[in-house]
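Peer 1: Going down the list, the sequences are from chains A and B.
All letters in the first sequence, in the order written, are residues 1 to 713 by UniProt numbering.
All letters in the second sequence, in the order written, are residues 1 to 713 by UniProt numbering.
We treat Cβ as the ideally placed atom computed from N, Cα and C, and that holds for glycine.
Number of protein chains: 2
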Amino acid sequence: MSNFPRSIFCLLLCIPSLLFAQSMEWNEIHPGIWKGIAGKPDSYDLLKAAGAIPSPALEKLENAPFPLNKADIDARVINGKTYLRFPLEKKEQLFGFGLNFQHIHQRGQILQLHADHYGKSDNGRTHAPVPFYVSSLGYGIFVNAARYIDVYAGSGVRKDSKNPPEVQDRNTDENWSARPYSDAVEMLVPAEGVEIYVFAGPKPVNVIERFNLLSGGGCLPPRWGLGFTQRVNRLYTSEQVRQEAKAFEQKGFPLDFIGLEPGWQSKSYPCTFEWDKTRFPDPSGFIREMDSLKIKINLWTNPYVSPDASIYKKIEPYTGTHTVWNGTVPDLSMPEASKILFDLFEKEHVKIGVSGYKIDEVDGYDSYLWPDVATFPSGHTSEQLRQTYGLLVQKYSYDMFRRNGSRTYGLVRASNAGGASFPYVIYNDNYSHEDFITALINSGYAGVLWTPEVRASKTAEEWLRRFQTVCFSPMAMINAWSSSMQPWTFPEVEPQIRAVAELRMQMMPYWYSEFAKYHYNGTPPFRGMSLEEGFGSGLKKEKTVRNLEENPYEEAVANEVKDQYMAGEFLLVAPLFTGQTFRKVILPKGKWYDFYTGKLAGEAEVITISPGLDRIPVFVKDGGIIPMMPAMLHAPGSGQKVDLEIRHYGVKNGSYKLYDDDSESFDYEKGLFSWREIKVERQKNGLLKGRISKAEIGKPNTVGTVTWRYMTK
Amino acid sequence: MSNFPRSIFCLLLCIPSLLFAQSMEWNEIHPGIWKGIAGKPDSYDLLKAAGAIPSPALEKLENAPFPLNKADIDARVINGKTYLRFPLEKKEQLFGFGLNFQHIHQRGQILQLHADHYGKSDNGRTHAPVPFYVSSLGYGIFVNAARYIDVYAGSGVRKDSKNPPEVQDRNTDENWSARPYSDAVEMLVPAEGVEIYVFAGPKPVNVIERFNLLSGGGCLPPRWGLGFTQRVNRLYTSEQVRQEAKAFEQKGFPLDFIGLEPGWQSKSYPCTFEWDKTRFPDPSGFIREMDSLKIKINLWTNPYVSPDASIYKKIEPYTGTHTVWNGTVPDLSMPEASKILFDLFEKEHVKIGVSGYKIDEVDGYDSYLWPDVATFPSGHTSEQLRQTYGLLVQKYSYDMFRRNGSRTYGLVRASNAGGASFPYVIYNDNYSHEDFITALINSGYAGVLWTPEVRASKTAEEWLRRFQTVCFSPMAMINAWSSSMQPWTFPEVEPQIRAVAELRMQMMPYWYSEFAKYHYNGTPPFRGMSLEEGFGSGLKKEKTVRNLEENPYEEAVANEVKDQYMAGEFLLVAPLFTGQTFRKVILPKGKWYDFYTGKLAGEAEVITISPGLDRIPVFVKDGGIIPMMPAMLHAPGSGQKVDLEIRHYGVKNGSYKLYDDDSESFDYEKGLFSWREIKVERQKNGLLKGRISKAEIGKPNTVGTVTWRYMTK
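1. Tell me, please, whether the CB atom of S367 (chain A) is closer than 8 Å to any CB atom in chain B?
2. For the beta strand (DSSP E) that contains R76 (chain B), what are its first and last residues?
3. Is there at least one Cβ from chain B nearer than 8 Å to N79 (chain A)'s Cβ?
4. Return the residue from the list B:E461, B:L688, B:Q250, B:L84 that minimises the CA-CA distance to G579 (chain B).
5. Just mark R709 (chain A) as buried or exposed, buried being the case when its beta carbon has 16 or more other beta carbons within 10 Å.
6. So, for I697 (chain A): in the same chain, excluding its five sequence neighbours on each side, which residues have a beta-carbon less than 7 Å away from its beta-carbon?
7. Please check if any C-beta of chain B sits within less than 8 Å of the C-beta of A178 (chain A).
8. T321 (chain A) versus chain B: which residues are under 8 Å apart at the beta carbon?
9. Taking just the CA atoms, how far does K584 (chain A) sit from T608 (chain A)?
10. Pick from A:G650, A:K641, A:L137: whose alpha carbon is nearest that of D661 (chain A)?
11. Compile a chain-ordered list of the residues in the stretch 100-126 of chain B whose CB is closer than 7 Å to at least one CB of chain A.
12. What is the C-beta distance between S367 (chain A) and R179 (chain B), in whole angstroms, given that I count them as a contact (C-beta under 8 Å)?
13. Ignore the nearest five residues each way along the sequence and tell me which others in G522 (chain B)'s own chain have a CB closer than 8 Å to its CB.
14. Using DSSP with H/G/I as helix, E/B as strand and the rest coil, what is S266 (chain B)?
15. Start and end of the beta strand (DSSP E) containing W34 (chain A)?
16. Measure the C-alpha to C-alpha separation of S483 (chain B) and M566 (chain B) and round it to an integer number of angstroms.
17. When burial is assigned at 16 or more other CB atoms within 10 Å of the CB, is P700 (chain B) buried or exposed?
18. What are the residues of the stretch 31-62 of chain B that lie near chain A, defined by any Cβ-Cβ distance shorter than 8 Å?
19. In or out: Q250 (chain B) buried (at least 16 other Cβ within 10 Å) or exposed?
20. Sort A:K652, A:N428, A:S513 by Cα distance to Y659 (chain A) and report the nearest one.
21. Between which residues of its own chain and F582 (chain A) is the CB-CB distance below 7 Å, once the five residues before and five after are set aside?
22. Cβ atoms of T301 (chain A) and E316 (chain A): under 8 Å apart, would you say?
23. When the cut-off is 8 Å and only beta carbons count, does P222 (chain B) lie next to chain A?
24. State yes or no: is the C-beta of R147 (chain B) within less than 8 Å of the C-beta of A75 (chain B)?
25. Smallest Cα separation from G223 (chain B): which of B:V362, B:E492, B:R234, B:K296?
26. My output table needs one value for P56 (chain A): the three-state DSSP class, helix, strand or coil.
27. Just the C-alpha distance for A414 (chain A) and S397 (chain A), rounded to the nearest angstrom, thanks.
28. Quick check on I311 (chain A): does DSSP put it in helix, strand or coil?
29. Would you please verify whether the beta carbon of K267 (chain B) is less than 8 Å from any beta carbon of chain A?
30. Looking at chain A, is there any beta carbon in it that lies within less than 8 Å of the beta carbon of W481 (chain B)?
31. Does E186 (chain A) get closer than 8 Å to chain D when you measure Cβ to Cβ?
32. Which residues in chain B sit within 8 Å of N298 (chain A), going by Cβ to Cβ distance?
33. Could you tell me whether the Cβ atoms of Y424 (chain A) and R455 (chain A) are closer together than 8 Å?
34. Of all Cβ atoms in chain A, is any one closer than 8 Å to the Cβ of T608 (chain B)?
35. Could you tell me whether any Cβ in chain B is nearer than 8 Å to the Cβ of G263 (chain A)?
36. Around the C-beta of I141 (chain A), are 16 or more other C-beta atoms found within 10 angstroms, so that it is buried, or is it exposed?
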């Protein structure tokens with residue numbers, strides 16, 4: 001030590017703490033995706049936690065120019081933290097930053113991204129605090145750090161801003177603003193460096209597709225996952241579950257999987273992960289019997305290990321310092337911990353036929369979860385595990401199902417960037433129908449799925465309105481663990497409930513194909529209107545008239561639209577909330593048709609509708625093609641042939657790609673899937689005519705008889 | 001470099017990042033105050049920012065044993081963060097952690113201490129996020145870091161806990177708790193080390209006294225500061241202010257200082273700090289005239305510098321990278337910046353007689369203040385400046401008044417540990433009367449002052465109820481910058497408003513003496529019931545009966561009491577909120593008497609009172625002595641003799657220390673003050689008789705004729 005000059009030593013120590021990296025190197029890692037490195041990134045990050053393997057589809061994308069001025073991106077490491085800045089133009093709106101519940105437009109928001117239960121304000125604490133945003137100008141930014149990132153999405157104003165706001169005097173200037181104009185997105189990452197990804201478009205939806213493909217593409221659920229699911233009372237016995245399944249059958253309501261709540265475990269909170277033999281004396285026989293009724297079984301759990309669990313001692317060395325509800329917390333970033341936990345799950349559940357999980361309480365909130373003073377044997381911090389725990393439980397449980405050759409589709413309370421390919425849907429304890437729809441829209445910007453679950457309702461109207469939206473979402477679920485409610489609980493709306501549940505089943509070919517596009521192309525199946533061409537970016541440019549009477553369309557798209565969304569390629573869903581008897585719907589450019597009647601609804605305009613209780617308003621784009629099947633009580637099984645009714649809407653020619661595979665195994669990963677081309681074209685005689693390409697030889701083919709229905713007369 | 005082995009170099013780099021300091025060294029720096037150092041603390045901290053000079057009174061305190069088991073305190077530095085743990089016993093309640101608005105009991109709370117506007121939940125974001133807590137067992141802990149500290153105040157549960165919670169099964173155990181028992185307070189400080197202070201009691205109030213004396217003792221306002229104050233409409237001219245002052249005089253309402261809102265400045269938001277010559281053509285003459293009316297002038301400002309300010313260019317090199325409302329942000333941790341700013345204040349305001357400031361918007365919230373990506377020329381981080389900015393504006397403005405020989409008393413939006421000696425009262429934009437009273441109680445645990453200001457009211461009842469509490473608070477203020485309301489705005493309650501305003505003035509000798517005790521002894525003048533002997537600690541030990549009928553007293557003190565508080569040595573204040581016609585009051589052990597009538601109110605019991613609108617319920621401890629003066633419209637000036645009516649309540653003998661000095665200058669710091677001993681004792685004839693010690697020769701003496709009033713017959 002004495003031979004080494006103190007000052008040089010000090011200098012060496014100080015260098016990493018103050019690094020200016022004003023012009024970053026950008027490396028195009030896939031067409032239209034660039035990676036830049038600021039400082040010295042953590043060795044553990046979101047993509048690593050997710051074990052994300054980029055989709056091969058990325059390489060088929062078109063090249064695109066770097067979408068920003070590189071000199072406008074600034075990254076510096078100061079005293080162990082990374083300071084990031086990205087430019088913002090005047091007429092630019094931002095979307096994303098995770099699963100937000102109140103806002104779609106993120107410009108102006110200040111967030112600290114932090115995995116947590118949503119606490120009724122959009123402050124960054126959410127189930128999926130994804131550090132990714134997409135601009136209305138058609139580019140995106142992703143900061144790959146498993147850290148609590150402070151985000152100033154166009155709120156901070158710098159002295160050296162190139163586009164400074166106008167200085168005014170609050171005393172006398174009427175136009176004085178408490179929120180002066182900001183020309184940058186800034187972030188503070190509490191790490192000595194970070195990986196940054198920039199995504200090209202050209203359209204905003206292409207940005208999201210690239211982001212999702214970077215994680216391997218969206219998940220492809222088994223077909224049954226898109227059917228109907230009921231979660232039963234937490235203390236039901238196997239006999240009561242059997243009765244529930246039979247009641248659905250007798251009532252003629254569709255049902256594909258039942259969720260068992262904590263009572264299936266011998267002890268829970270903390271959990272043993274083992275069956276309670278008083279309530280479930282023969283789990284294996286029970287699941288076989290349910291399987292014969294075409295009902296899959298999904299198990300609630302959280303990952304916190306009871307002292308009474310058989311794995312308690314074995315997993316102990318791989319758990320954190322603090323407990324959650326007296327359960328030890330497996331350090332799932334260590335292979336040893338995840339192997340012990342999921343080997344038990346495999347033996348106890350998957351090997352006897354359990355189809356999936358609802359993995360609860362991996363999000364927060366603080367008073368339940370481990371505190372940030374907890375430490376873990378991997379050396380990863382509490383913060384790093386908090387940001388990735390949802391990814392880890394999804395990854396290792398999904399790996400387990402993959403080993404066993406069966407697809408799964410389940411529920412999880414937390415996710416993050418890198419998790420798009422995991423077949424899990426996020427849910428929470430909040431129960432605002434409006435917030436649920438906002439979350440459904442935001443899920444499409446965040447690479448996650450969300451269900452606006454139905455839990456209980458005070459009135460038949462609310463029950464129906466919620467049920468209608470859940471049937472136009474990634475998972476059609478009643479979560480009755482506490483309420484024990486059933487679809488027919490309100491007899492006065494039973495026919496409407498049945499109708500929409502049957503519609504969900506009839507639309508299975510559409511839903512399944514749209515999820516395949518999520519998987520293969522990265523296109524979110526449920527997404528916000530800003531991603532729809534011709535809707536406007538949220539900041540309409542051509543005119544400045546702000547009078548609603550003069551120009552209602554412009555006003556509508558300039559404002560945040562949180563109550564209508566796109567479902568798949570062609571459908572615009574405009575749900576009603578309890579108490580509403582009418583609502584406005586903004587129809588993008590081009591003609592739009594009523595889904596139920598095929599009649600023209602409007603074109604690039606704001607319409608007001610009063611659909612009554614019976615139906616959830618759904619509109620179809622001109623030329624839209626919706627493949628449907630007969631209403632069934634259960635999703636078609638592997639290889640089961642199904643007749644199709646292919647609907648066409650509007651006056652334009654249309655085309656559609658119908659996806660097919662065995663719907664349950666992973667054979668699609670070996671190429672055992674097919675896309676069939678559907679085309680509807682106007683003939684010389686003026687009539688429309690549809691055709692569907694033949695099934696490829698050697699590929700799955702579940703299409704039976706095809707009938708054509710031209711909805712618009 | 002090549003001669004220095006790489007591995008040793010790496011080892012040296014890694015050593016500071018993982019330090020185990022399980023047995024800390026504790027150094028008794030004052031009687032009953034120990035300082036311990038974990039890791040390598042920041043060079044900039046709360047006490048340094050405040051420039052706190054410990055009170056000489058500390059050295060006169062009794063010695064006390066270290067109040068905790070040293071081995072139970074754990075501090076470790078891991079990867080640049082400090083992990084702290086302090087023990088908790090089963091029957092222990094915690095108070096403090098800053099100016100909280102909803103909770104008094106802090107056990108179980110999870111907070112991230114962060115200077116900010118209170119956002120309607122107690123999550124650590126508050127105007128005074130003081131990292132200090134006091135235990136019901138009679139000790140306290142202070143973590144001297146200008147950082148966002150995560151606090152788990154008895155919520156985290158460790159695997160290695162000595163007192164682990166009982167493991168239960170939520171499925172079947174009715175007593176299952178979502179919040180298992182925790183035996184520790186844990187904190188995460190994002191710094192490589194920290195100074196920790198431990199305070200002995202023996203009583204909880206002694207802990208707070210030691211904490212306040214460490215900062216130099218509480219502030220001693222000028223006598224006029226305890227009179228009545230009105231803040232006028234933001235755009236009033238000097239003529240309108242003059243009219244306002246005259247209206248008070250004519251109506252016969254007390255008034256000691258008027259606050260001018262932003263319009264006094266030529267431009268504000270951002271600020272010039274210079275007079276607007278259209279609204280105030282002759283500031284100096286205006287202030288002289290107001291002074292002749294015995295009215296002081298207080299100026300609103302925030303510290304963000306307008307490009308039009310005369311100091312703009314000069315201060316620019318000492319400002320941060322980001323602006324606030326287009327104003328540059330002086331780095332007040334640099335002497336250069338504070339000198340430029342406060343030299344201007346001194347020249348423009350103090351030299352012409354301005355008496356004080358309302359320093360606004362130094363707290364938050366995020367969308368207004370500089371973002372945490374801002375950097376500052378001192379090298380202090382945004383986080384460090386955010387946590388200390390309130391301290392800095394108080395310190396440097398107070399220094400300026402001290403230089404000029406005049407005491408001040410003003411308002412500030414943010415403070416922190418170390419700021420007890422600054423003569424500033426915190427206020428905010430929230431307006432829940434209940435929250436305001438909770439904050440008043442919590443201010444006493446945090447070393448700060450708080451005013452439950454009156455701003456506007458929908459009804460006469462609300463106006464009166466708010467007015468009553470503000471008269472029993474550190475600053476009796478109407479903040480009418482927006483509402484332009486006046487005490488007589490609701491004629492139907494004008495007599496009651498006048499009565500309580502006069503009472504405020506009559507009680508001046510009591511208030512002034514109680515503030516002197518805050519200054520010289522550290523005793524908070526307004527404080528929670530838990531600090532009152534015989535009230536119970538919040539967790540009563542002797543009995544376990546929980547039936548309200550059988551033992552209402554025990555039940556009441558076990559619960560959190562947020563609607564009554566102590567004002568000075570002898571008074572218990574139990575305000576009513578709008579809509580209440582009766583309320584319960586918990587009287588501690590010993591007899592308590594009605595302040596207005598002297599009649600016995602009760603003894604160690606819960607009473608129900610329905611006082612009507614006229615009065616705010618106030619109770620006096622047995623033997624209580626309250627020195628009062630005639631109702632005046634203005635506080636007595638320097639040297640002004642005032643007659644005293646000394647009241648005695650109850651049956652016990654009593655004693656009181658009456659403070660006296662010139663009430664406006666800093667001569668008390670040179671010893672020019674006196675304490676006079678008041679005693680009321682029962683004579684042999686059974687009658688009570690009072691006496692007051694003579695004034696010391698050469699010391700201030702403002703006591704005129706003394707009359708005695710024995711309130712309890």
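Peer 2: Looking at the coordinates:
1. yes
2. 74-78
3. yes
4. B:E461
5. exposed
6. none
7. yes
8. R158, K159, D160
9. 4 Å
10. A:K641
11. I110
12. 6 Å
13. S55, A57, I208, E209, R210, F211, N212, L213, G217, G218, A420
14. coil
15. 33-39
16. 31 Å
17. buried
18. none
19. exposed
20. A:S513
21. T608, I609, S610
22. no
23. no
24. no
25. Checking the displayed sequence, the identity of residue 223 (chain B) turns out to be Arg instead of Gly. The residue with the shortest Cα to Cα distance from R223 (chain B) is B:K296.
26. helix
27. 14 Å
28. coil
29. yes
30. no
31. Checking the listed chains, one finds no chain D in this structure; the protein chains it contains are A and B.
32. Under the 8 Å cutoff, chain B gives no residues; its nearest Cβ is about 18 Å from N298 (chain A).
33. no
34. no
35. yes
36. buried
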